[in-house]
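Chemist: Residue numbers (this note's numbering): 28 to 586.
Heads up, the beta-carbon is just placed ideally off N, CA and C, and yes, glycines get one too.
As the structure is a prediction and not an experimental result, all values here were calculated from the model.
Please see the structure below; I have some questions.
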């Protein structure tokens, strides 16, 4: 018996006959045709990534670059009442901003280079940022062993005295001299290092800082578009505005946006972005300096870090990392290769191991390395021969190209991102003649409020509210999301309510939150930029996360 088929009529054992399509009257066909044409043209004018975007959309400011400076500037300007769009050709924090040593600090070594203004500003910002995001920024004690053949004791003591007093320290303890023999601080060190110093700075989850700045910008009205590249910047003669051609790398479409002012916060690509305007001779020359870090199994007990002097007058940090690991870095290497393919070299690995081994009882070997990361710092070229001595200060340049304003950011460091953004915001407001004054100094980032200032108390409250949460999961979620962890847990009464269990304390609800609220699209976005789950999850868990991401994306495409 022949199986029945769609579009075929079957009666008893007679031969199947094709169904004849009913004729549609002409007066019904015409509206359908008009609607189809209408849909076609609308599809050309609409970008369905988060809302309607016509080719004629206008904003006050287009920010190019989704690193810490770009996200910070977008946040600052959105909070001043300006309409802002930020475009980033990859993911947020996908370049320099995710390759830092993950410190909010004044930069003790910059005192040797007489950069007192930079150190003072950074120390003051350390206090501001610690208050603004205590879930992702927290105090860290540093131990500086004294090496008799390097900087003299008195010089370090004077430097630490200045470090204590330059920035109006209020929240962190002052520096101290330490006798380390027989103590926890001296335990991992060679016996010759009996004396040293302790001082305090702060640790930061650098990628989450960028994402939270972007989230705050979006909450204040900014349009954040990742994986969107600016292809050209031209003057639109009709409107006397910038006309930017944008490429959507997620969905493949191209569209335009008009902007009264462009902010070039593209980091190592600052010169390339300026070239889109026809400006081939930027005011400041950028010097690429590569910094690399290695992650190794935990080298010492305790929650303190070490700052180690090196014979080349550089310093190397050993920092507790993700509970089971130690972060060792950084290097300072001139970089002239492909900016899209930055990798650590074996020479850098050996350099970092050697720097640590001058102080450690148990030698660190290249084979101990579990993971590495590298980034290029786009520093303002001040003419210094030594890469490690090039200033970490920033420059903001407002100029007119094609008769239109463009603000370019050069250099900078994570610690001063808010102050940089505020200074840029002041210039933009003055140039456009609209917008309010500075506001970010007292503002908190998403996930922070008065209840999170004391993280231990906040964690205790969270565990009381959700007493079914495993302790390790509660701690990780509280650290990453602060008060916004409740958006992930909302409505849940037990673990099963968080959706599919993907492995290693990762649940479906968290992944869905990251895709809906933090622009995460790929497995790498989840594992290495919204978190460091890449160090803790198995291949099977990662496959499950990837499968879930595909499912979420497929649902978006059919919505």
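Excluding the 5 residues preceding and the 5 following residue 275 in the sequence, name in chain order all residues of the same chain whose CB lies nearer than 6 Å to its CB.
Modeler: Around residue 275: 255.
Chemist: Applying the criterion that 16 or more other CB atoms from any shown protein chain within 10 Å of the CB defines a buried residue, is residue 252 buried or exposed?
Modeler: So residue 252 counts as buried.
Chemist: Examine the ligand MG and report whether any of its heavy atoms sits within less than 6 Å of the Cβ of residue 536.
Modeler: No copy of the ligand MG appears in this structure; indeed no ligand is present at all.
Chemist: Once you ignore the five residues that flank residue 148 on each side, which residues in its own chain have a CB closer than 7 Å to its CB?
Modeler: For residue 148, where only same-chain residues beyond five positions count, the Cβ hits under 7 Å are 443 and 446.
Chemist: My output table needs one value for residue 120: the three-state DSSP class, helix, strand or coil.
Modeler: If DSSP states are grouped into helix, strand and coil, residue 120 belongs with coil.
Chemist: So what's residue 463 in DSSP terms, helix, strand or just coil?
Modeler: The answer is coil: DSSP assigns residue 463 none of H, G, I, E or B.
Chemist: DSSP on residue 227, reduced to helix/strand/coil?
Modeler: If DSSP states are grouped into helix, strand and coil, residue 227 belongs with the strands.
Chemist: Which residue or residues does DSSP assign as beta-bridge partners of residue 333?
Modeler: In DSSP, residue 333 forms a bridge with 170 and 345.
Chemist: With a floor of 4 residues, list each alpha helix (DSSP H) that falls wholly inside the stretch 87-131, ordered by position along the chain.
Modeler: DSSP runs (the alpha helix (DSSP H)) wholly in the stretch 87-131: 95-106.
Chemist: Based on the DSSP secondary-structure assignment, which residues constitute the bridge partners of residue 422?
Modeler: Answer is 437.
Chemist: Taking the straight line between their C-alpha atoms, what separation do you get for residue 204 and residue 513?
Modeler: Residue 204 and residue 513: Cα-Cα distance of roughly 43 Å.
Chemist: Who are the Cβ neighbours of residue 561 in its own chain at under 6 Å, not counting the five residues just before and after it?
Modeler: Correct list, in chain order: 554 and 555.
Chemist: Is residue 321 closer than 7 Å to residue 396 when the C-beta atoms are compared?
Modeler: Cβ atoms of residue 396 and residue 321: closer than 7 Å.
Chemist: I'd like to know if the stretch 424-437 and the stretch 446-458 are in contact, where contact means that at least 3 CB-CB pairs between them fall below 8 Å.
Modeler: As far as the Cβ criterion goes, the stretch 424-437 touches the stretch 446-458, which means the pair count is three or higher.
Chemist: For the alpha helix (DSSP H) holding residue 584, just list the boundary residues, first then last.
Modeler: Per DSSP, residue 584 belongs to the alpha helix (DSSP H) from 566-585.
Chemist: Under 7 Å between the Cβ atoms of residue 90 and residue 290?
Modeler: In contact: residue 90 and residue 290 (Cβ atoms closer than 7 Å).
Chemist: On the DSSP bridge assignment, give the partners of residue 315 in chain order.
Modeler: Bridge partners of residue 315: 405.
Chemist: Distance, Cα to Cα, residue 304 vs residue 341?
Modeler: Cα-Cα distance, rounded: 39 Å.
Chemist: Quick check on residue 73: does DSSP put it in helix, strand or coil?
Modeler: Low per-residue confidence applies at residue 73: pLDDT is 44, beneath 50, and the placement is therefore not dependable, though the value from the model is reported in the following sentence. Three-state result, residue 73: coil.
Chemist: Please report how far the alpha carbon of residue 225 lies from the alpha carbon of residue 188, in whole angstroms.
Modeler: Going from the Cα of residue 225 to the Cα of residue 188 covers about 12 Å.
Chemist: Between the beta-carbon of residue 358 and the beta-carbon of residue 294, is there less than 7 Å?
Modeler: Result no, Cβ atoms of residue 358 and residue 294 do not sit closer than 7 Å.
Chemist: Tell me which residues share the same chain as residue 338 and place their Cβ nearer than 6 Å to its Cβ, disregarding the 5 neighbours each side in the sequence.
Modeler: Counting only Cβ-Cβ distances below 6 Å, and skipping sequence neighbours, we find nothing.
Chemist: Taking all protein chains shown into account, decide if residue 210 is buried (16 or more other Cβ within 10 angstroms of its Cβ) or exposed.
Modeler: By the 10 Å Cβ count, residue 210 comes out exposed.
Chemist: Could you check which residue in 307, 413, 327 and 379 has the C-alpha nearest to that of residue 316?
Modeler: Of the listed residues, the one whose Cα sits closest to residue 316 is 413.
Chemist: Taking only three categories from DSSP, how would you classify residue 265?
Modeler: Residue state, collapsed to three classes: coil.
Chemist: Let me make sure I understand the geometry here. Which of 584, 134, 287 and 131 has the alpha-carbon closest to that of residue 427?
Modeler: Among 584, 134, 287 and 131, the Cα nearest to that of residue 427 is on 287.
Chemist: In terms of residues, what are the limits of the beta strand (DSSP E) holding residue 282?
Modeler: Where residue 282 is concerned, the enclosing beta strand (DSSP E) stretches over 281-291.
Chemist: What are the partner residues of residue 324, as DSSP defines its beta bridges?
Modeler: 352, per the DSSP bridge assignment.
Chemist: With H, G and I counted as helix, E and B as strand and the rest as coil, what does DSSP make of residue 49?
Modeler: Unreliable placement is indicated for residue 49, whose pLDDT of 44 sits below 50; the coordinate value is still reported in the next sentence. Here residue 49 sits in coil by DSSP.
Chemist: Would you call the CB atoms of residue 282 and residue 270 closer than 7 Å?
Modeler: No.
Chemist: Check whether the Cβ atoms of residue 331 and residue 579 lie closer than 7 Å to each other.
Modeler: No; because the gap between Cβ atoms is not below 7 Å, this pair is not in contact.
Chemist: On the DSSP bridge list, what partners appear for residue 165?
Modeler: DSSP, once it has assigned bridges, lists 230 as partnering residue 165.
Chemist: Am I right that residue 215 and residue 326 are in contact with their C-beta atoms under 8 Å? What's the rounded C-beta distance?
Modeler: About 6 Å; that satisfies the 8 Å criterion.
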